[in-house]
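S.K.: Numbering-wise (numbering that gives the first Met the number 0), the sequence shown opens with residue 0 and increments by one.
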Amino acid sequence: MSFALARQKGSTTRWNKFRSERNKKEKRGSSLRKRLYDPPKLAIWTRTFVEFASKLFLAGVVAYLLFAGYNFLLSSPRFKIQHISFQGNQVLSNAEVLEWLGSLKGQNLFAINLSELNQQLIEHPWIKSSSIQRKFPKGLDIEITERVPYARVKKDQNYLIDNFGVTLSPERPEYRHLPLIIMEKNKEKYLSNDEALHSLKTMRYFNKLPFFKNNPLDGAKIKGHSRVLFVTKNGDLQIQMSMNDLNEGFKNFMIILDSLEEKNLRVQMIDLSFKDQVIIKERI
């Protein structure tokens, strides 16, 4: 058995029409709500301008406070230098260091340039290195490492030099025990020569030997371009060496040392400047 169903066209058409109209109303309502809730462009621009102006004002306030604080640090009498402490200076007095730096007391603690002061200090011949620190609110700490005198050199007068050949100052009484380098006329260029300084180290090796205990080598005379003549303290013994081969000369001296002590020779000069040969000159 079968049934035939007849479609009701009228009711279906009405339903589709109703649904279409409802969808249109919903779209119109959505568009209306969107227009109602969207903020106007003028309000957005106003808010952006206010935020930018607020940030700009805050930045100006911070900049002003920094500028005012900086001026306060540079102008306040609370930060004028009144106390300067020194460390490490043994040869130079505090007054000599201050005289080299110039007037510091009364200057503003923040206005002085510590790097420039340090550079000025190490330009002093006696100062090898230095460090300067601010000590709040009114002080400076200056720490100095001085050069160590290594020998004396005779020019127009006797000068002190360190182990790098730097001339420190005219001779001081407390350093008259240091060996004296005597240069031939117009030979001052050898002062910075490594060989000339090495010759002084060789002289120190000699003085460590018992042979020179009572009469150490006390001076060195640079002769020509390659010879050095060591002289003992009382001047009765001279040792000549080649500055180009100081180590070999010292070894040769060690070879003959036993013979010198055994024979008790009255030696006036020992020439170690020749290779594989030692010349001994006795006093008459």
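All residues carry an ideal CB built from backbone N, CA and C; glycine is no exception.
According to DSSP, A286 sits in a beta bridge with which residue or residues?
M.R.: Outside the displayed range of the chain (0 to 283) lies residue 286, so it cannot be described from this structure.
S.K.: Of the residues D161, I80, E170, S92, which one's Cα is nearest the Cα of K200?
M.R.: On the sequence shown, position 201 is the one that residue 200 refers to. Closest by alpha carbon: D161.
S.K.: Check D235 in the structure and name its three-state DSSP category.
M.R.: Counting from one through the sequence shown, the residue named residue 235 turns up at place 236. Here D235 sits in coil by DSSP.
S.K.: Would V147 be called buried (16 or more neighbouring beta carbons within 10 Å of its own) or exposed?
M.R.: Residue mapping note: residue 147 aligns to position 148 of the sequence shown, counting from 1. The residue is exposed, with fewer than 16 neighbouring Cβ atoms inside 10 Å.
S.K.: Which of helix, strand or coil does DSSP assign to Q119?
M.R.: Along the sequence shown, one-based indexing puts residue 119 at 120. Helix, per DSSP.
S.K.: Using DSSP with H/G/I as helix, E/B as strand and the rest coil, what is L208?
M.R.: Start at 1 with the first residue of the sequence shown, and residue 208 comes out as number 209. DSSP places L208 in coil when its eight states are reduced to three.
S.K.: Quick check on DSSP: helix, strand or coil for M242?
M.R.: One-based indexing of the sequence shown puts residue 242 at position 243. Three-state result, M242: coil.
S.K.: In the DSSP assignment, find the alpha helix (DSSP H) that holds A150 and state where it starts and stops.
M.R.: Mapped onto the sequence shown, residue 150 falls at position 151. Run containing A150: none in the alpha helix (DSSP H); it sits in the beta strand (DSSP E), 150-153.
S.K.: Apply the 10 Å Cβ neighbour rule to I143 and answer buried if 16 or more other Cβ atoms are within range, or exposed otherwise.
M.R.: On the sequence shown, residue 143 is found 144 positions in, with the first residue counted as 1. That one is buried.
S.K.: Is it the case that the Cβ atoms of Q81 and K104 are separated by a distance below 8 Å?
M.R.: As a position in the sequence shown, residue 81 is number 82, starting the count at 1. As a position in the sequence shown, residue 104 is number 105, starting the count at 1. In contact: Q81 and K104 (Cβ atoms closer than 8 Å).
S.K.: For K262 and chain B, any beta-carbon pair shorter than 8 Å?
M.R.: Looking at the structure shown, chain B is missing, and only one protein chain is on hand.
S.K.: When you compare only the Cα positions, how much space is there between E247 and G223?
M.R.: Position 248 of the sequence shown, counted from the start, is the residue given in the question as residue 247. Position 224 of the sequence shown, counted from the start, is the residue given in the question as residue 223. Spanning the two alpha carbons is a distance of roughly 20 Å.
S.K.: Run the proximity test for K104: is its beta-carbon closer than 7 Å to any non-hydrogen atom belonging to the ligand MG?
M.R.: The ligand MG is not part of the structure shown, which contains no ligands of any sort.
S.K.: To the nearest angstrom, how far is it from the Cα of L271 to the Cα of M240?
M.R.: Mapped onto the sequence shown, residue 271 falls at position 272. Mapped onto the sequence shown, residue 240 falls at position 241. Taking the straight line from one Cα to the other gives about 5 Å.
S.K.: Around the C-beta of W44, are 16 or more other C-beta atoms found within 10 angstroms, so that it is buried, or is it exposed?
M.R.: Taking the first residue of the sequence shown as 1, we reach residue 44 at position 45. W44 comes out exposed.
S.K.: So for D257, helix, strand or coil by DSSP?
M.R.: Here residue 257 refers to the residue found at position 258 when the sequence shown is read from its first residue. In the structure shown, D257 sits in a helix (DSSP, three-state: H, G or I).
S.K.: How about L216 and T231: do their beta carbons lie closer than 8 Å?
M.R.: Mapped onto the sequence shown, residue 216 falls at position 217. Mapped onto the sequence shown, residue 231 falls at position 232. Yes, these two residues count as a Cβ contact at 8 Å.
S.K.: Kindly indicate which residue of K212, F48, Y204, Q89 has the alpha-carbon position closest to the one of E173.
M.R.: Position 174 of the sequence shown, counted from the start, is the residue given in the question as residue 173. Ranking the options by Cα distance to E173, first place goes to Q89.
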